[in-house]
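Undergrad:
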Amino acid sequence: MFKRKDLLGIQELSREEICFILDTAESFKEVLTRPIKKVPTLRGKTVINLFHEPSTRTRVSFEIAGKRLSADTINISPSASSLTKGESLKDMAKTLEAMNPDIIVIRHPIPGAPHFLAQKAKFAVINAGDGAHEHPTQALLDLLTIREHKGKIEGLKVAIVGDIIHSRVARSDIFALVKMGAAVKVVGPPTLIPPLIEKLGVVVEYNLERGIADCDVIILLRIQLERQNRLFFPSIREYSRLYGLTLAKLSKAQKDVLIMHPGPINRGIEIDPQVADAPFSLILDQVTNGLAVRMALLYLILGGES
Amino acid sequence: MKIIIQGGRVVDPANQTDGLFDVLIEDGKIKAVGKNLPVGQDVRLIDARGLLVTPGLIDMHVHLREPGREDKETIATGCAAAAAGGVTSLACMPNTSPVNDNKSVTEFILRRSREVDLVGVYPIGAISKGLRGEEMAEMAEIWEAGAVACSDDGRPVMNALLMRRALEYARLFDFPLISHCEDLNLSADGVVNEGYISTLTGLKGIPAAAEEVMVARDLLLAKMTKGRLHIAHVSTATSCALIRQAKQEGVQVTAEATPHHFSLTEDLVANFDPNTKVNPPLRTQADRQAVIEALADGTIDAIASDHAPHTLAEKEQEYDLAPFGIVGLETLLSVSLTNLYHTRKLDLLTLIAKLTVNPAKILNLPAGTLSVGSAADICLIDPEKRIVVDASRFYSKGRNTPFHGQELKGCVVMTLRAGRVVFPRDTAEAVAGER
Amino acid sequence: MEKEWRTIMTKEDIQSALRKMSRQILAEHSHLNDVALVGIRSKGVELARRLSMIIQELSGALLPIGAIDVTLYRDDIGGSSCKPVLKKTEINFPVTNKDIVLVDDVLYTGRTIRAALDALIDLGRPKTIKLAVLVDRGHRELPICANYIGLTVDTSQDESVKVTLEEAGEEDGVFILPHPEETRW
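Residue numbers (my numbering), protein chains in the order written: chain A, 341 to 646; chain B, 77 to 511; chain C, 271 to 455.
#1: Residues of chain C with CB under 7 Å from glutamate 488(A), in chain order?
#2: Which residues share a DSSP beta bridge with isoleucine 122(B)?
#3: From arginine 511(B) to glutamate 102(B), what distance separates their C-alpha atoms?
#4: Which residue or residues does DSSP assign as beta-bridge partners of glycine 110(B)?
#5: So which residues of chain A does threonine 277(B) contact, with C-beta pairs closer than 8 Å?
#6: Which residues in chain A sit within 8 Å of leucine 397(B), going by Cβ to Cβ distance?
#7: Starting from arginine 447(A), trace the beta strand (DSSP E) in both directions and tell me its first and last residue.
#8: In chain order, what residues of the same chain lie with their CB nearer than 6 Å to the CB of valine 445(A), ignoring the 5 residues before and after it?
#9: Of all Cβ atoms in chain B, is any one closer than 7 Å to the Cβ of lysine 434(A)?
#10: Where does lysine 302(B) land, buried or exposed, given buried means 16+ other C-beta within 10 angstroms?
#11: According to DSSP, simplified to helix, strand and coil, what is serine 204(B)?
#12: When the Cβ atoms of the stretch 227-239 of chain B are set against those of the stretch 254-261 of chain B, are three or more pairs found closer than 8 Å?
#13: In the stretch 562-634 of chain A, which residue ranges form an unbroken beta strand (DSSP E) of at least 3 residues, counting only runs that do not cross its ends?
#14: Locate the alpha helix (DSSP H) running through methionine 432(A), then write down its first and last residues.
#15: Are there three or more Cβ pairs, one per stretch, closer than 8 Å when the stretch 260-278 of chain B is compared with the stretch 320-329 of chain B?
#16: Going along the chain, which unbroken runs of the alpha helix (DSSP H) with 4 or more residues stay wholly within the stretch 406-491 of chain B?
#17: What residues in the stretch 492-519 of chain A have a beta carbon less than 7 Å from any beta carbon of chain B?
#18: Inspect the beta-carbon positions of glycine 201(B) and proline 170(B) and report whether they are closer than 7 Å.
#19: Looking at the structure shown, is phenylalanine 348(B) part of a helix, part of a strand, or coil, going by DSSP?
#20: For threonine 477(A), name the three-state secondary structure that DSSP assigns.
#21: Compare the C-alpha of lysine 462(A) against each of Leu483(A), Lys434(A) and Pro574(A) and name the closest.
#22: Could you check the C-alpha separation between phenylalanine 338(B) and proline 356(B) for me, to the nearest Å?
#23: Note down, in chain order, every chain B residue with its Cβ under 9 Å from the Cβ of histidine 455(A).
#24: Less than 6 Å between C-beta atoms, sequence neighbours within five positions excluded: which residues of the same chain meet that for serine 351(C)?
#25: Going by the CB atoms, is the gap between valine 129(B) and valine 163(B) shorter than 7 Å?
#26: Could you please give the first and the last residue of the uninterrupted alpha helix (DSSP H) stretch that includes glycine 314(C)?
#27: Going by the DSSP bridge assignment, what does cysteine 155(B) pair with across the sheet?
#28: Distance, Cα to Cα, cysteine 487(B) vs threonine 414(B)?
#29: Pull the bridge partners of isoleucine 419(C) from the DSSP assignment, please.
#30: Classify phenylalanine 363(C): buried if its beta carbon has 16 or more other beta carbons within 10 angstroms, exposed otherwise.
#31: Verify the CB distance criterion: does threonine 359(C) have a CB-CB separation below 7 Å to chain A?
#32: With a 10 Å radius around its C-beta and 16 neighbouring C-beta atoms as the bar for buried, classify proline 114(B) as buried or exposed.
#33: Only counting runs of 4 or more residues, tell me where the alpha helix (DSSP H) segments fall wholly within the stretch 306-359 of chain B, in order along the chain.
#34: When you compare the CB of aspartate 392(C) with every CB in chain A, is at least one pair closer than 7 Å?
#35: How would you list, in chain order, the residues of chain B whose beta-carbon sits under 9 Å from the beta-carbon of isoleucine 444(A)?
#36: So what's tyrosine 198(B) in DSSP terms, helix, strand or just coil?
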């Protein structure tokens with residue numbers, strides 16, 4: 341069962357809670373295939389998407405998820421909004437609280453900001469990505485996608501490739517996959533692998549071919565093009581040559597390997613177009629599953645609230 | 077007026093005294109320390125049985141914030157916090173607004189602290205003008221005005237040539253340069269120790285090497301220039317090792333550690349409490365233990381609070397946005413007793429030396445001793461009493477401490493400055509009324 | 271506790287009740303091609319399956335069966351302390367223009383049926399919807415009544431009615447328990 345007020349990260353979830361969320365999400369997938377894709381469950385509930393960072397994919401996903409459940413969804417981008425301009429997060433929490441929303445979905449560039457918000461306010465908080473810390477709904481949709489295609493997660497070999505150090509997706513995926521019993525390798529140049537990451541239960545591999553050898557699933561991360569200016573690697577060209585996933589390099593992995601990417605993809609940089617568009621690429625399944633996972637979480641957090 | 081402090085355990089490292097003695101104070105000075113001092117007429121008796129009687133503590137690393145940021149702290153509130161912490165002399169850092177890089181700011185601080193008249197305040201001037209790290213501040217002028225050291229604390233002197241020249245130039249006054257060791261390129265935008273916790277939380281890391289390369293650089297420059305170097309807030313094992321080695325080689329270097337660095341570790345950061353955000357950051361358990369060892373073997377000479385008050389609004393923010401700093405004046409002694417004395421890492425004489433005579437020697441202060449004839453700056457300590465830290469009751473305006481709510485063992489009972497009780501305050505006021 | 275259960279239907283009673291209901295369904299539907307059974311999760315689904323088997327035996331017609339989960343249509347979401355577990359709705363045929371027979375184990379307040387009707391109508395526009403229940407225990411809170419009833423029984427609101435089925439690893443039976451339902455739903 342799921343009895344939390346907030347969803348702040350995968351780190352604090354138990355394996356049982358994760359399974360329960362995935363099962364619930366699976367049930368919601370059926371709703372998405374109906375001619376009328378809307379159910380009345382969260383009528384009268386208000387979901388505010390508070391996005392301190394530009395994001396289309398996650399915000400739209402949460403917005404559709406809320407609307408399919410008949411909740412009222414509102415989007416606020418503090419940088420562009422006079423409602424919150426120059427206001428501290430604490431004051432913003434108070435302002436929002438006065439509007440009596442049921443749930444705040446927050447995306448913020450600073451790790452821990454959702455935790456801060458959750459402490460300051462009565463409404464429920466869902467972390468939609470906090471800096472390089474966590475992106476729990478992404479990890480859950482990744483698990484759902486893997487489970488759907490492989491029938492299980494335990495025992496699978498998963499490689500996470502790219503900019504690990506700056507990636508909240510990597511952290512949440514690592515917490516989630518390790519909890520579910522997958523064997524996780526992180527693959528990238530030494531400058532983009534954070535120190536002591538082995539303590540999270542993963543194996544570090546710098547070489548892409550070795551990293552993806554025998555893998556059942558490869559999760560590619562988006563490379564932030566501005567990182568090269570911060571001395572993490574010499575050039576996008578060199579990064580792409582070493583870590584861009586091509587069909588040739590893929591031949592080292594399992595035959596039925598699955599490719600995932602949280603998007604948006606940099607075609608031709610971390611992923612070759614031939615790989616991105618191949619049938620074993622699940623990038624679009626991930627998007628669909630993201631909706632189901634977010635509907636499940638809104639339902640689980642709001643559905644039984646007294 | 078005479079005061080006799082009766083029956084306490086006098087711990088005076090300057091004189092290697094540790095025993096049950098009475099202390100006679102006359103005209104604000106120590107008149108005698110001995111057994112069963114005769115009680116004459118018109119003598120106020122202070123019963124110190126069961127208590128420690130030590131020289132008033134010296135905190136050589138304090139941010140008083142005045143002038144400029146009186147919303148964070150003032151000289152008056154900072155001095156009251158010092159008195160409550162048993163501190164009778166403090167040295168305050170120059171990163172005020174305006175920066176203390178000229179005699180008018182130095183003189184202002186001295187004048188204000190004389191008006192406040194609670195504890196001794198010793199200004200530290202800037203090494204570089206405006207703390208910009210570009211050209212040397214007029215050290216002679218600041219020294220003549222009363223500064224006891226120079227430092228760009230809060231920022232490193234990134235330019236090695238400037239640091240070299242400053243170390244050489246400061247030899248003119250036999251006063252130390254206090255170095256905040258941090259390579260800004262390496263620390264980048266870091267907010268926590270780089271390691272497991274930064275990996276776990278995604279908070280940007282400050283590697284231990286950001287401190288260590290600068291410790292190494294400054295030690296080499298001190299060796300070359302024969303200047304006097306003091307390393308502020310040592311926080312890593314390698315820094316300790318570097319300083320230890322330099323001392324063996326005869327480099328004129330001293331060092332301090334803060335209570336939070338020898339008591340807390342990065343693990344505390346995992347809940348994103350901005351009160352754990354401090355520079356240098358809380359490090360690993362191994363670093364913490366190395367700092368304690370360095371305190372025990374004399375590599376680190378002094379304990380200083382790096383008292384860095386901030387407003388509640390500044391600290392009640394997202395971790396990256398909150399400023400660095402922890403308030404420490406009022407927990408300095410209790411945390412030190414709890415984590416160094418009661419854990420049997422340091423004996424009392426060694427511990428009290430790091431809070432009295434050692435910083436006095438580093439900064440050439442006329443304080444830190446109970447020698448006959450010296451000012452009667454005295455701290456009475458109950459070493460066994462358990463207290464729970466309550467930041468809301470601090471005299472300091474700053475409430476930013478990760479020790480809030482922690483139980484500590486040992487606390488300041490009374491503070492005398494030049495023979496006058498400055499803490500507890502009600503007694504202080506009563507005494508002031510008598511005068 | 272066990273001793274205080276009062277049996278109101280045995281395995282044989284259930285069997286004959288379902289046969290009676292099957293005959294009534296057959297009697298009222300001349301175009302069997304358009305008839306489909308939709309069970310309400312979870313016991314309604316098992317009962318729908320049994321009805322379908324009996325109907326096949328009696329008429330040779332194999333009626334499609336669907337399963338419907340009404341959780342998302344409940345009117346107590348956000349009001350009760352329990353978070354009902356969501357299960358899948360599986361109706362693998364278009365409901366539009368079908369004669370749907372909705373199947374549930376116990377008819378009580380009528381709220382489940384209201385939710386099921388809403389859920390069904392969101393899936394399409396059935397020609398008719400009829401309701402088959404194994405037990406009608408009264409105490410309706412909405413204007414809903416069943417078309418096919420296995421057993422009508424007088425109950426107090428301080429009691430609850432429990433149906434156990436072999437499919438769930440229990441013995442077939444219907445019992446009255448001397449405590450109120452956990453949810454009035």
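Glycine residues also receive a C-beta, built at the ideal position from the N, C-alpha and C atoms.
TA: On the basis of the supplied data:
#1: What glutamate 488(A) touches in chain C: nothing, since even the nearest Cβ is about 14 Å away.
#2: Ile81(B)
#3: Its pLDDT being 30, under 50, arginine 511(B) is placed unreliably by the model, and nothing is read from it.
#4: Asp98(B)
#5: Pro451, Gly452 and His473
#6: Ile450
#7: 443-448
#8: Asn389, Phe402, Ile466 and Ala468
#9: no
#10: exposed
#11: strand
#12: yes
#13: 598-600
#14: 429-438
#15: no
#16: 408-412, 424-431 and 433-439
#17: Arg508 and Arg511
#18: yes
#19: coil
#20: helix
#21: Lys434(A)
#22: 12 Å
#23: Asn347 and Phe348
#24: Any reading at serine 351(C) needs caution, since the residue's pLDDT is 47, under 50, leaving its predicted position unreliable; the model's value is listed next. No residues qualify anywhere along the chain.
#25: no
#26: 313-329
#27: DSSP, once it has assigned bridges, lists no residue as partnering cysteine 155(B).
#28: 10 Å
#29: Val403(C)
#30: exposed
#31: yes
#32: exposed
#33: 313-324 and 335-339
#34: yes
#35: Per Cβ cutoff of 9 Å: no residues; isoleucine 444(A) is ~15 Å from chain B at best.
#36: strand
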